[in-house]
Each structure stands twice: as C-alpha cells, then as structure tokens.
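Below: the structure, in structure tokens.
There are 2 protein chains.
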Amino acid sequence: MSSTKTTEIAALGEFGLIDRLTKQLGRRHATTLYGAGDDAAVIDLGDEVLLISCDMLSEGIDFDLRYFAPKLLGYKAVVRGINDIVAMNAHAEQIVVALGVSAKISVEFLDELYEGIEHACKQYNVDLVGGDTTSTLNGMTISITAIGRAKREDVVYRTGAQEHDLICISANLGAAYMGLHLLERESRVLSDIDNPEPKFAGNEYLLERYLKPRARIDIIEALAEAGIRPTSMIDLSDGLASDLRQICRSSKCGARIYLERIPIARQTTALAEEMNIDPVIAALNGGEDHELLFTVPLSMQEKIQSLQMVDIIGHITSEQSGVTLVTPDGEAIALKAPAFDR
Amino acid sequence: MSSTKTTEIAALGEFGLIDRLTKQLGRRHATTLYGAGDDAAVIDLGDEVLLISCDMLSEGIDFDLRYFAPKLLGYKAVVRGINDIVAMNAHAEQIVVALGVSAKISVEFLDELYEGIEHACKQYNVDLVGGDTTSTLNGMTISITAIGRAKREDVVYRTGAQEHDLICISANLGAAYMGLHLLERESRVLSDIDNPEPKFAGNEYLLERYLKPRARIDIIEALAEAGIRPTSMIDLSDGLASDLRQICRSSKCGARIYLERIPIARQTTALAEEMNIDPVIAALNGGEDHELLFTVPLSMQEKIQSLQMVDIIGHITSEQSGVTLVTPDGEAIALKAPAFDR
Chain S
1 MSSTKTTEIA
11 ALGEFGLIDR
21 LTKQLGRRHA
31 TTLYGAGDDA
41 AVIDLGDEVL
51 LISCDMLSEG
61 IDFDLRYFAP
71 KLLGYKAVVR
81 GINDIVAMNA
91 HAEQIVVALG
101 VSAKISVEFL
111 DELYEGIEHA
121 CKQYNVDLVG
131 GDTTSTLNGM
141 TISITAIGRA
151 KREDVVYRTG
161 AQEHDLICIS
171 ANLGAAYMGL
181 HLLERESRVL
191 SDIDNPEPKF
201 AGNEYLLERY
211 LKPRARIDII
221 EALAEAGIRP
231 TSMIDLSDGL
241 ASDLRQICRS
251 SKCGARIYLE
261 RIPIARQTTA
271 LAEEMNIDPV
281 IAALNGGEDH
291 ELLFTVPLSM
301 QEKIQSLQMV
311 DIIGHITSEQ
321 SGVTLVTPDG
331 EAIALKAPAF
341 DR
Chain G
1001 MSSTKTTEIA
1011 ALGEFGLIDR
1021 LTKQLGRRHA
1031 TTLYGAGDDA
1041 AVIDLGDEVL
1051 LISCDMLSEG
1061 IDFDLRYFAP
1071 KLLGYKAVVR
1081 GINDIVAMNA
1091 HAEQIVVALG
1101 VSAKISVEFL
1111 DELYEGIEHA
1121 CKQYNVDLVG
1131 GDTTSTLNGM
1141 TISITAIGRA
1151 KREDVVYRTG
1161 AQEHDLICIS
1171 ANLGAAYMGL
1181 HLLERESRVL
1191 SDIDNPEPKF
1201 AGNEYLLERY
1211 LKPRARIDII
1221 EALAEAGIRP
1231 TSMIDLSDGL
1241 ASDLRQICRS
1251 SKCGARIYLE
1261 RIPIARQTTA
1271 LAEEMNIDPV
1281 IAALNGGEDH
1291 ELLFTVPLSM
1301 QEKIQSLQMV
1311 DIIGHITSEQ
1321 SGVTLVTPDG
1331 EAIALKAPAF
1341 DR
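In structure tokens:
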C-alpha cells in the first residue's frame, strides 16, 4: 500500500464511504441518467430506462451457512436483488449471479443453491442470464446484479419526498431481526449437544421473515393500479431508522414518525421480550426486512388506506426539523444511524 | 446441507460446472436473447441490444495484494469487465462495482482503488454508475458488472466460427503468466530480507502485461473500420488452449493452430527459460492475457494481414478433427484443458 495514513472504514460513519468513493465520478455517456446513490442506477433507453442494481452477500457477515440451506440462500439472494429494482418502482426482468466459492463447497451445494435461485426467478418472473464463478480462499460470496426496465416517468428515486408527504411501510418490522437472533440463540445453546433439536415452535413466522423474505412486486403493482405514484422509495435493508434517514438526506427533508404507528408483529414482541431485546430497537434498527419504505402525497391518504396493504407511520417535514421519532407520551427523539451508534 | 453425496467442483472438469448449473434455466422474457454461455448476456432493446457481463475477483486467488497496488487492482478489474463486452464486439458504457472488504482494508486503500477504477473508466470512456460495499470476514472480493450496447447484427458470439475460418489473436501470449511468476519468485526470494529490492529490470513488459492489461477496444474498432466482422470472439482470460476449446465447443467445430505462428515475446521466452518453464505452456495455458481470440472468414485474410494488428495462428476445422496444435515438425497434438490436466 502506498498510503501512510490509514483510516478505518467505520470511522467515516453511515453515509461516508459511498460519498467519498463516488464523489468524483465522471459522467461520460448521455445515457447515464443516474449513478450511485439509489437502489439502482438508471440508464437511458429512449422512451424507457434501464435499471441496474448490484448486491453482494458475504459468508459470515450477511449469511451463516449453519442457518441457510443452500436453496434458501439462493432464493434470498435473488429476492434482495429484485427488491432493489422494485424499490425504483420497476420490475426486474433479468439477473446475473457471480459466485465466489471455497473448496468446502460441493457441487451438490451449488445445485441446491441454483435450485433456490431458479425458484425465486420463477416465482418473480425473472430470467437468470449469466454469471461468473471464481474460487475463494475461504468464505463464500454471492453477487447479484438485477436488471429492470421502466418508463422514464415511472421511476421513483430516493430524492422526491416533499414536506407533508405520508411515510408508508409495506409490513411490520423487526421480525427478520428476531428471526436471526432466534437462530443464533439456538445455535449457541445446542452447540455442544448431539442431535440438537432447536426450539422454533411458535416462531416460524420470524424465521421465514429472515430466511425467506418477499419481493414486494405486489405493492408496486397495487399502487400503480390505484393511481398512487410514490414520491420516494427505498428497500428496507438497513433498518427503518437508517433507510428513512437515507430518504431524508437524498430528498433534503426531515421526517416525523410515530412509535405507536410502527407495526410490530406479536411474535416479534414476544420473542424480543423473552430475549431482553427492546422490540422497538428491533423494528427501528434491525434491518433485513426487505420491505418497502416510501412516501406519497398527503392527498393520497384515503387511497392508501383503502388498499389495506401498507401502514402510514408519519410524515415528511422540513429539513431543519431533522428525523424524529415521537413516543406515545409526545416526546420527540432524534433518530440516529444505528450501525455506527451501537 | 441436505445432500448426502458431495462432489468436488474440480471433478466436473473444464466446462462442467457452468453447464450443470445453467442447464435448466427458464426463459421468461422475450427480451432475454442470450443467457449464460458467452462473455456477456444479451438483452433485446428493439433495434439495439444490451450486453451485460459479470466478473468476480477474489483475493488470494485472482489477485495478491502484495503485488497489486490498489490503483492497479482497480484499473485491472475494470479492464477485465470492459473486455467481456469488447469480446462481444461492443463498447462498454457503464460499470457497477461491488466490493467485499475485510477489516484490514483502510479508507485510503479504497480511495486509491477507486482512483484506479476511475482512471480506467476515463481511459476507456465508461461511467461507473453504482455499486455495493459489504464486509467480509477475511479477504477482499471485487465484482464488476459491465454494461454495453450494440446493434443487434454487430454482436459477435462464441458460436459463429465456421470451417476454414482463420483464427486470430490480438497480441503475443504468455507474458502476463510470466509476469505473475516473476512477482511470485521475487516475493519468495526476498521474503526473509529487510528492505528487499526485487529484480524486475528488463522484465517491466511482463509485469505490465500482468498488472495492467489493456481493453482492446482498438481492435474491434479497427476491424469494424476495415469491414471485417469476426464470426466468433472470446476474451483470452483462461489461456489460449481453454478459450479456443470454448469457441470450438460453442461453435461445434474443431481447430488447427500452428505452434510457430503463436507469437511469444522475447522477454517471455527469456524469463521462462531462466525459470525452467516451457514458454509454449505459458502461451497456451498461462491465462490472464485479456487479449482477443477471434475467427474471421478465410476471404478476409488479406484485409486482416494489412491491419498489422493481429496474428493468424491457424484455422477452424470440422468438429470431428478436434482441437489440435501442430508442431514445427508437423506433429499434431490434441489441445487439452489445462486447468484440469495439471
């Protein structure tokens, strides 16, 4: 390395790294409409635009092979990729998969991984069109590139939220986070036992939310059918607090969300309490929900409510007001970036 | 893992894994023109097509951070991505970069990596339009998705080689392979010495071929200008033997190449002999040349020769004749898949 000064990546904070790395990007093609900074890049095709997103999953960080059967891992990787395109208000049509595999991975494992990939592709009407396989010294890496098309005017960015817009989410939050905690607990408890029988009864919902998230194509289709165009949208992958802050940062606005309006599933609350975890923390900072967070104009309130598919959890404010969470007793708490505050 | 039988990936042989994993892919979108099996996937855009390729590089396998300054690594990763599009006879316009980085990687390292990425993007007129960064437990992973556009009739696949076509290559071979061997030798020799001074004098060309390969946009532009449309083309990444076999397999043909026509640089031969490596093996099986291997109709012989940019090393034969190398004394040797014969 030619540098003498070294800075840990975490020191740059929540949005620091991507900003720093992409600040001086050239824009050489008129077809490059939108580069880094959203769920997907946008490329001009004339009447339509092309959407491209890339998502990398790393063993031991993003997934643990003790918890994921290869089929589920392949399925989830594809769903994550598709949801990046869905979060632009578009349908994914193709994906490309690059795999890095260590010597411990067998052909049969990859067969099953591809079965899961193909299962998700079939369910969500996507074609797997290519990929690359390389070796790794240890640990598996999966990189999914998802490709979609949309009419230019249909694309929803993170940048369009306006003051007074309603903030909506497509499902209860924190369930995936508790699903992961459950898997980790059972793994710890049973690590010294022969023929372990993990206690998952009653918590299958949480496991499913973590292991087998959905691509919310149904949401963008329902919104389109109801004539509701979101003003901004993001895939909920880092947790509500971080992803809402991302929208506010991109849209140069603030937000006010209400704690009692954030839906948390009964099972999430029950397991969180059993494990001495604050269910609100799970919902705000848990991440991996892979649901949609979006904003719509205030005038759409009735239409949104009549869909009965999404929850309105607050509204967009001026940038000066910051991003705040209002508790049931009326206290307004500034929402911080979770990953860098813990 | 739910499988009981496990097979090592290497046991499937040269083309086995990709075939096995992609054999049952669905094709759900009419826009999906061509999926796995070439340097890039091809997606219908109407008059034009979109080309998408994905290339993953893994630390310790595809690169060693003792040899690559971060700028060079970023540069090479981009060139590899671009060359996958060039090998379809098209220009890359955008790239997406996904990075997996371990805790040992500093912000300054990533700054320099991105400098190299941007340098290659600028040189080859490509926009970096997005990406993803994730952590890894150890080892760095770089995944480059390259995107290009071309007229549908201009795209050159691996499948179009015809009997009697001429087989052409865009540069001498084996230099990158010897460059890597030189880096490895100096690293071994100097590992116990303080302030080591590696002996690279006279071999800078080999190092450059390994560390800083070119994107051969000049070749496809010169061919287009001369009115020569290759019948098949591939990026020389796995070595001449393997990549020629790939073309023959995709085109259902054989090939006959002549040893004395394969260009090998003086420095490659000299260092190979010094290190007791057969320079022919370096040229045939070395890999990482990142030059173009392509075929043109026999009628183009004069035009190709007058370009003075490429070497004709043989011709396409019937499938039954197999893929053979003819030695100066007239012996015909079957070309095997190097990676699985060693």
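Those sequence lines, one after another, are chains S and G.
Read in order, the letters of the first sequence are residues 1 to 342 in my numbering.
Read in order, the letters of the second sequence are residues 1001 to 1342 in my numbering.
Ideal Cβ positions, reconstructed from N, Cα and C, are used throughout, including at glycine.
(message) Do LEU1293(G) and LEU1236(G) count as a contact pair if the criterion is CB distance below 9 Å?
(response) Position 236 of the second sequence, counting from 1, holds the residue named residue 1236(G). Position 293 of the second sequence, counting from 1, holds the residue named residue 1293(G). Cβ atoms of LEU1236(G) and LEU1293(G): closer than 9 Å.
Residues near ILE219(S) in its chain [Cβ-Cβ closer than 8 Å; skip 5 each side] | By 1-based counting over the first sequence, the position of residue 219(S) is 219. Within the same chain, ILE219(S) has close Cβ partners VAL86, SER170, LEU292, MET309, VAL310.
Best match in ALA10(S), SER53(S), VAL49(S), ILE43(S) for proximity to ILE234(S) [C-alpha to C-alpha] = On the first sequence, position 234 is the one that residue 234(S) refers to. The shortest C-alpha separation from ILE234(S) is found at SER53(S).
Any idea what DSSP makes of PHE340(S), helix, strand or coil? For the purposes of this step, residue 340(S) is taken as the residue at position 340 of the first sequence. Residue placement at PHE340(S) is poorly supported in this model, since its pLDDT is 41, which falls under 50; the coordinates are not used for a value here.
* Asked: At which residues does the alpha helix (DSSP H) containing CYS1121(G) begin and terminate?
  -> For the purposes of this step, residue 1121(G) is identified with residue 121 of the second sequence, where counting begins at 1. Its alpha helix (DSSP H) spans residues 1107-1123.
Item to check | Closer than 9 Å to chain G by CB, TYR177(S) | outcome: As a working note, residue 177(S) is residue 177 in the first sequence. By this cut-off, TYR177(S) is not an interface position.
With distances taken Cα to Cα, identify the nearest neighbour of ARG1028(G) among LEU128(S), VAL42(S), ALA40(S). In the second sequence, the residue the question calls residue 1028(G) occupies position 28. Answer by Cα proximity: LEU128(S).
**Q.** Test item: CB-CB of VAL296(S) and ASP132(S) under 9 Å
**A.** Numbered from 1 along the first sequence, position 296 holds the residue referred to as residue 296(S). Numbered from 1 along the first sequence, position 132 holds the residue referred to as residue 132(S). No, they are not a contact pair.
Whose Cβ in chain S lies nearer than 7 Å to the Cβ of GLY1074(G)? For the purposes of this step, residue 1074(G) is taken as the residue at position 74 of the second sequence. In chain order: nothing, as chain S lies at least about 10 Å away.
- [ ] Could you tell me which chain S residues have their CB closer than 9 Å to the CB of ASP1055(G), listed as they occur along the chain?
- [x] Here the question's residue 1055(G) lines up with position 55 in the second sequence. Within chain S, the residues near ASP1055(G) are ALA98, ASP132, THR134.
*If we ignore side chains and look at the alpha-carbon of each, how far apart do ASP62(S) and TYR1157(G) end up?*
Here residue 62(S) refers to the residue found at position 62 of the first sequence. Here residue 1157(G) refers to the residue found at position 157 of the second sequence. If you take the alpha carbons of ASP62(S) and TYR1157(G), they lie about 36 Å apart.
(Q) Measuring only the C-alpha atoms, how far is ALA270(S) from GLY287(S)? (A) Within the first sequence, numbered from 1, the residue matching residue 270(S) stands at position 270. Within the first sequence, numbered from 1, the residue matching residue 287(S) stands at position 287. Approximately 18 Å between the Cα atoms of the pair.
> For ARG1256(G), does the three-state DSSP call read helix, strand or coil?
Replying inline: Here residue 1256(G) is taken as the residue at index 256 of the second sequence, counted from 1. Residue state, collapsed to three classes: strand.
Note to self: Please report the straight-line C-alpha distance between LEU1207(G) and VAL1049(G), rounded to a whole angstrom.
What the structure shows: Locating residue 1207(G) in the second sequence gives position 207, where the first residue counts as 1. Locating residue 1049(G) in the second sequence gives position 49, where the first residue counts as 1. Those two C-alpha atoms are separated by around 36 Å.
Residue-chain proximity (TYR210(S), chain G), Cβ-Cβ < 9 Å
What you label residue 210(S) is simply residue 210 of the first sequence in a count that begins at 1. Not an interface residue.
Cα-Cα, which of ARG152(S), ARG185(S), ILE313(S) is closest to TYR67(S)? Looking up residue 67(S) in the first sequence gives position 67. Comparing Cα-Cα distances from TYR67(S) to each of ARG152(S), ARG185(S), ILE313(S), the minimum goes to ARG185(S).
Query raised in the report: Looking only at its own chain, which residues have a Cβ that is under 6 Å from the Cβ of GLY1179(G), when we skip the five neighbours before and after it?
Result: As a working note, residue 1179(G) is residue 179 in the second sequence. Cβ within range, chain order: LEU1206, LEU1207, ARG1209, TYR1210.
Within 10 Å of its beta-carbon, does ASN1276(G) have 16 or more other beta-carbons around it, so buried, or fewer, so exposed? Your numbering for residue 1276(G) matches position 276 in the second sequence. Exposed.
Please report the straight-line C-alpha distance between CYS1168(G) and THR1317(G), rounded to a whole angstrom.
The count along the second sequence starts at 1 and reaches residue 1168(G) at position 168. The count along the second sequence starts at 1 and reaches residue 1317(G) at position 317. About 14 Å.
Note down the Cα distance separating ALA30(S) from VAL189(S), rounded to an integer number of angstroms. As a working note, residue 30(S) is residue 30 in the first sequence. As a working note, residue 189(S) is residue 189 in the first sequence. Using only the alpha carbons, I get a separation of about 57 Å.
- [ ] Using a Cβ-Cβ cut-off of 9 Å, state whether ALA36(S) counts as contacting chain G.
- [x] Here residue 36(S) is taken as the residue at index 36 of the first sequence, counted from 1. Output row for ALA36(S): interface = yes.
*Look up LYS1076(G) in the DSSP assignment and say whether it is helix, strand or coil.*
Start at 1 with the first residue of the second sequence, and residue 1076(G) comes out as number 76. DSSP places LYS1076(G) in helix when its eight states are reduced to three.
#### Entry: alpha helix (DSSP H) segment containing LYS303(S), residue limits
For the purposes of this step, residue 303(S) is identified with residue 303 of the first sequence, where counting begins at 1. Where LYS303(S) is concerned, the enclosing alpha helix (DSSP H) stretches over 301-307.
- Query: Which same chain residues, not among the five before or five after GLY1016(G), have their C-beta less than 6 Å away from its C-beta?
  - Reply: By one-based count along the second sequence, residue 1016(G) stands at place 16. Here the set comprises nothing.
Item to complete: Kindly indicate the opening and closing residues of the beta strand (DSSP E) around LEU1293(G).
Response: Against the second sequence, residue 1293(G) aligns to sequence position 293. Residues 1291-1296.
- Task: Give me whichever residues DSSP pairs with SER250(S) in a beta bridge.
- Result: Start at 1 with the first residue of the first sequence, and residue 250(S) comes out as number 250. Looking at the DSSP assignment, SER250(S) forms no beta bridge with any residue, so it has no partner.
Checklist line | 8 Å Cβ cut-off: residues of chain S touching GLY1239(G) | finding: Locating residue 1239(G) in the second sequence gives position 239, where the first residue counts as 1. Going along chain S, no residue has its Cβ under 8 Å from GLY1239(G), so there is no contact; the nearest lies around 16 Å.
- Item | Proximal chain S residues relative to GLU1008(G), where beta-carbon distance stays under 8 Å | Taking the first residue of the second sequence as position 1, residue 1008(G) is located at position 8. Those are ALA103, SER106, VAL107, listed as they occur along chain S.
Q) In or out: PRO1196(G) buried (at least 16 other Cβ within 10 Å) or exposed? A) On the second sequence, residue 1196(G) is found 196 positions in, with the first residue counted as 1. So PRO1196(G) ends up on the exposed side.
6 Å Cβ shell around LEU183(S) - same chain, five flanking residues per side excluded: Your numbering for residue 183(S) matches position 183 in the first sequence. Closer than 6 Å at the Cβ level, and outside the excluded window around LEU183(S), lie TYR67.
Does any CB atom of chain G fall closer than 9 Å to the CB of MET1(S)?
Taking the first sequence and counting its residues from 1, the one referred to as residue 1(S) is at position 1. Annotation note: pLDDT 43 at MET1(S) (below 50); position unreliable, coordinate value reported separately. By this cut-off, MET1(S) is an interface position.
Quiz item: With distances taken from CA atoms, which of ILE193(S), HIS181(S), ARG216(S), ARG249(S) is nearest PHE200(S)?
Solution: Position 200 of the first sequence, counted from the start, is the residue given in the question as residue 200(S). Considering only alpha carbons, the answer is HIS181(S).
Notebook entry, point to check: Could you give the distance in angstroms between the alpha-carbon of HIS1119(G) and the alpha-carbon of HIS290(S)?
Noted result: As a first step, residue 1119(G) is located in the second sequence; it is residue number 119 there, counting from the start. As a first step, residue 290(S) is located in the first sequence; it is residue number 290 there, counting from the start. Each residue's Cα considered, the two are about 35 Å apart.
- Step through the CB atoms of chain S and report whether any lies within less than 9 Å of the CB of TYR1157(G). Start at 1 with the first residue of the second sequence, and residue 1157(G) comes out as number 157. It does not; no Cβ of chain S falls within 9 Å.
*DSSP state of ALA1270(G), grouped into three classes?*
Indexing the second sequence from 1 puts residue 1270(G) at position 270. If DSSP states are grouped into helix, strand and coil, ALA1270(G) belongs with the helices.
Practice problem: Report the neighbours of LEU1017(G) on chain S: residues whose CB is nearer than 9 Å to its CB, in chain order. | Solution: The count along the second sequence starts at 1 and reaches residue 1017(G) at position 17. In chain order: VAL107, LEU110, THR133.
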